[in-house]
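Each residue of the sequence shown is one higher than the last, beginning at 509 in the numbering used here. Just so you know, even glycine gets a beta-carbon here, dropped at the ideal spot from N, CA and C.
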Amino acid sequence: MSDKSCSSVGIIGAGIQGVCTGLQLLKKNIPTTIFDQNDPGSMASYGNAGHFSPYAVVQLNRPDILYDVPKMLLSSSGPLALKWNYIPKMLPWILRYLKNCNKKSMLHTAKYMNQILSLSMDAYEEIFQEIDMTNLVEQKGIIYVWTNKNLKSREMEIKIRKDLGVEQKILTVKEILDLEPKLKPVFSGGCFYDYAYHAKDPQGITKKIFELFLKRGGKFIKQDVKSVNQTGTNKTIIKTDEKDYEFEKSVIACGAFSKKFTDQLGEKIPLDTERGYHVHFKGMENLLSRPVIFLDRGFGLTPMNQGLRAVGTVELGGLKNPISKKRIQYIVNCAKELLPQLGEHEDEWLGFRPTLPDFLPVIGPSKNNQNIIYAFGHHHLGWTLGAVTGKIVSGILANEKTNLDLSPYNSLRFN
Ligand SMILES: Cc1cc2nc3c(=O)[nH]c(=O)nc-3n(C[C@H](O)[C@H](O)[C@H](O)COP(=O)(O)OP(=O)(O)OC[C@H]3O[C@@H](n4cnc5c(N)ncnc54)[C@H](O)[C@@H]3O)c2cc1C
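Structure (structure tokens):
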């Protein structure tokens with residue numbers, strides 16, 4: 509435990525980043541209040557695929573994707589889709605993203621994702637020891653399957669992971685079927701991370717961490733935050749419809765909704781969203797023992813307490829467009845391709861991954877307001893990175909020294 513180095517913190521957002529940061533601050537004896545107009549963990553931190561993926565160092569900013577994107581966009585039934593009405597707004601993000609689809613950026617992202625991913629499970633283990641995790645997580649590994657169509661891409665990913673020391677086990681079709689005998693073998697090979705955990709109820713886990721936060725003296729204010737400002741050296745104001753709240757320091761941890769605040773603070777951070785979907789096949793969770801991801805389709809299946817969750821795809825379309833029935837149908841079709849015995853689905857859900865064009869999160873102080881700290885933009889890996897982000901951000905707030913190189917996550921990279 510460190511000395512009390514900050515008198516109070518207000519956190520905007522009770523997703524996995526906000527809640528883990530709050531808990532870590534209390535461990536440092538720093539009084540903390542979390543704001544959210546919704547229940548804790550009810551947005552992206554609810555509907556994700558539940559993978560704890562410390563191995564997922566290679567992200568979507570990669571040169572090989574440039575060959576696939578045009579094909580994917582022309583097909584209405586591929587893993588990537590666009591809401592055309594949003595594309596003019598998203599064009600600057602897309603152009604920046606395309607600029608990052610080169611080998612150098614890809615390896616930079618992989619290196620600095622690896623820096624935090626490699627610490628992610630230790631950070632969760634520490635929290636899991638303090639809460640009752642019965643029926644909330646399982647450690648049965650995670651399987652990725654693929655066809656031979658994009659073998660060059662698969663080989664590239666495997667090599668980058670190997671170079672970074674990530675443990676992975678390449679599987680034949682037979683080995684995959686030995687692990688998951690109910691799968692229809694529409695794939696040609698795969699990869700197994702046998703040490704990986706998966707969540708059986710992501711929101712249930714976030715709620716448990718949140719309950720511990722409250723038990724330790726943390727406060728929660730269920731209000732929609734309108735603005736945050738630094739008004740003095742040691743003074744920030746979080747403004748809601750009802751009141752102004754004063755803290756020494758504040759944190760923006762609103763996932764895909766964080767841009768409203770960074771725009772207000774005068775910083776042009778190109779945060780946007782990759783929309784993702786899920787449905788449940790109720791009572792079908794026993795068909796699989798562990799998550800299976802079909803890489804060619806950009807989708808996966810996770811056995812959860814709510815049922816078998818079919819989840820994934822990327823849709824570029826902003827925060828306001830309605831749910832796309834075509835995307836739901838795509839996921840349902842993909843699920844039935846792997847498990848033809850599936851019947852009717854329920855719970856059609858749309859969620860928002862918070863994503864920067866270089867596929868690194870933004871963690872660190874705001875450019876113009878050193879007492880306002882950013883903790884957002886964790887794209888496809890925000891569930892995995894919640895606990896370690898909490899540790900890093902609470903360390904920044906407490907003015908602690910770190911051996912980590914945090915500069916690649918700083919928002920200054922966009923200025
Ligand atoms: C389909 C899908 C599958 C995914 N699968 C995985 C996976 O398997 N593994 C993995 O590691 N990651 C996965 N992710 C990514 C992961 O879910 C997210 O990166 C992560 O949940 C983001 O957490 P967060 O706390 O930043 O944001 P969120 O969970 O979105 O929380 C942000 C919070 O901020 C609040 N907020 C917003 N505006 C305001 C305001 N004005 N005032 C107060 N509060 C506000 C919201 O209500 C919300 O509660 C997936 C995401 C999706 C969409």
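Same chain, Cβ closer than 6 Å to residue i, five either side skipped, listed in chain order
i      : result
Thr892 : Phe560, Ser561, Ser628
Ala935 : Only positions 509 to 923 of the chain appear in this structure, which leaves residue 935 out of reach.
Lys747 : Lys734, Ser735
Lys767 : Leu779
Lys591 : Gly825, Asn829
His853 : Val787, Phe789, Val840
Arg965 : A question about residue 965 goes unanswered here, because the residues of the chain that appear run from 509 up to 923.
Local Cβ density within 10 Å of residue i, reported as buried at 16 or more and exposed below that
i      : result
Thr680 : exposed
Trp654 : buried
Met509 : Reliability of the predicted coordinates at Met509 is poor, the pLDDT of 44 falling under 50, and no value is obtained from them.
Ile595 : exposed
Asp804 : buried
Pro710 : buried
Glu831 : Per the sequence shown, the amino acid found at residue 831 is Ile instead of Glu. When all chains shown are included, Ile831 counts as exposed.
Ser515 : exposed
Asp771 : exposed
Glu756 : buried
Gly673 : exposed
Asp511 : Per-residue confidence for Asp511 stands at a pLDDT of 48, beneath the threshold of 50, marking its modelled position as unreliable; the derived number appears in the next sentence. It is exposed - the Cβ of Asp511 has fewer than 16 other Cβ atoms within 10 Å.
Lys677 : exposed
Leu599 : exposed
Ala906 : buried
Pro587 : buried
Asp630 : exposed
Gly924 : Missing from the structure shown is residue 924; the chain here goes from 509 to 923 and no further.
Leu582 : exposed
Gly806 : buried
Pro799 : buried
Residue nearest to residue i in terms of C-alpha spacing, selected from the options
i      : options                        : result
Ser902 : His888, His887, Ser919, Asn879 : Asn879
Thr855 : Arg662, Val787, Glu683         : Going by the sequence as given, residue 855 is Asp instead of Thr. Comparing Cα positions, the closest option is Val787.
Met812 : Val896, Gly825, Lys790, Ile831 : Lys790
Glu754 : Ile745, Cys762, Ile760         : Ile745
Asp752 : Lys660, Val577, Asp732, Ser661 : Asp732
Arg817 : Asn593, Leu824, Gly784         : Gly784
Cys842 : Thr821, Leu858, Ala883, Asn829 : Thr821
Leu858 : Gly523, Ala552, Leu850         : Ala552
Arg662 : Cys699, Lys690, Lys682         : Cys699
Leu920 : Pro873, Ala564, Asn656         : Pro873
Asp640 : Lys708, Leu687, Ile713, Lys579 : Ile713
Gln545 : Leu533, Pro689, Ala522, Ile538 : Ala522
Pro578 : Glu633, Met614, Leu606         : Leu606
Cys609 : Tyr575, Lys690, Gly898, Glu633 : Tyr575
Leu534 : Asp547, Pro548, Ile519         : Ile519
Pro916 : Asn643, Val870, Lys611, Pro539 : Val870
Phe695 : Asp671, Lys657, Lys727         : Lys657
Asn593 : Ile538, Ile635, Asp671, Glu823 : Glu823
Short Cβ contact (9 Å threshold) for residue i with residue j
i      : j      : result
Ile542 : Ile729 : yes
Ser721 : Gly530 : A quick correction: the sequence has Phe, not Ser, at residue 721. Yes, the pair counts as a contact, with Cβ atoms nearer than the cut-off.
Ala618 : Tyr838 : no
His888 : Gln567 : yes
Ile801 : Ile651 : yes
Pro585 : Lys909 : Strictly speaking, residue 585 in this sequence is Ser, with Pro absent from that position. No, the pair does not count as a contact, with Cβ atoms beyond the cut-off.
Leu868 : Gly885 : yes
Tyr705 : Glu793 : no
Ile927 : Val527 : A query on residue 927 cannot be resolved here, the shown segment of the chain reaching from 509 to 923 and no further.
Tyr882 : Ile684 : no
Gly740 : Leu687 : no
Lys708 : Leu644 : yes
Leu625 : Tyr563 : yes
Pro539 : Val517 : yes
Residues of its chain near residue i, where Cβ-Cβ distance is below 7 Å and the 5 sequence neighbours each way are ignored
i      : result
Phe922 : Lys776, Ile777, Pro778
Thr781 : Ala764, Gly826, Leu827, Phe860, Arg861, Pro862, Thr863
Glu665 : Val566
Gln637 : none
Trp601 : Pro778, Asp780, Pro865
Asp749 : Gln731, Asp732, Lys734
Gly774 : Asn876
Neighbourhood of residue i by C-beta, 8 Å cutoff - its chain only, sequence neighbours within 5 removed
i      : result
Lys692 : Glu845, Leu846, Leu847, Pro848
Asp913 : Tyr620, Gln623
Residues bridged to residue i (per DSSP)
i      : result
Phe695 : Answer is none; Phe695 lacks a bridge partner.
Lys727 : Thr541
Lys677 : Phe700
Arg861 : Glu782
Met812 : Gly815
Glu750 : None; Glu750 has no bridge partner.
His706 : His559, Glu646
Glu823 : Ala589, Arg783
Residue i at chain B interface by Cβ criterion, 9 Å
i      : result
Arg604 : In the displayed structure, chain B is absent; only one protein chain is listed.
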